[in-house]
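For reference, the structure discussed in these notes is given below.
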Amino acid sequence: MDKVVLIPSAALGLILIIWYSLRCWHSGSDFNHAVMINIVFQSSGIVCGVFLIMSIFIPEIKELMSGIDIYIFVSGLAVFAVSLQGYHRDAICPSTNDSEEVNANNSSNESGSATLE
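See below:
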């Protein structure tokens, strides 16, 4: 990872770790080292994601970055997973949920009409 990404990632990671430490101290909960490590990885992803987005608008940033293939791969996986999940939710699940709602509405209408008659 280039210093262009490393230095802002380390700075953001330290800020977020300090924030996490303060939240642990105020709440009285234990400091979890696994969370600390995850914060560092997540801050790296946040910075690299911002740089990837900015590289579309500012070509000079794209030239400064190298060695970020893993982030491009992970970004592609994320887009794929979210798109597949959205398709499943919008195109597949509604057909089963709609029929369940119709059945529920019909049964409530039938019970309501029986009391009216």
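Residues in the sequence shown are numbered consecutively from 19, following the numbering used here.
Yeah, the Cβ is synthetic: ideal placement off N, Cα and C, and Gly gets one too.
Fair warning: this is a prediction, and the values are worked out from it, not measured in the lab.
Discussion item. Measuring straight from C-alpha to C-alpha, what distance separates L70 and F59?
Written reply: Their backbone Cα atoms lie some 16 Å apart in a straight line.
Item to complete: Could you tell me which of I110, S93, I35 sits nearest to I57, measuring between CA atoms?
Response: If we check each option's Cα against that of I57, I35 comes out closest.
Discussion item. If I measure Cβ to Cβ from L30 and keep anything under 8 Å in the same chain, skipping five residues before and after, which residues do I get?
Written reply: Within the same chain, L30 has close Cβ partners S61, I64, V65.
Discussion item. Contact criterion: CB-CB distance below 7 Å. Does I25 meet it with respect to chain C?
Written reply: Of the chains in the structure shown, none is chain C; there is only one protein chain.
Fill in: V139 versus I79, R41, G94, V97, residue with shortest Cα-Cα distance
The question about residue 139 has no answer, for the chain in this structure spans 19 to 135.
Worksheet item: With distances taken between CB atoms, is the gap from D20 to S84 smaller than 7 Å?
Response: For D20 and S84, yes; Cβs fall inside 7 Å.
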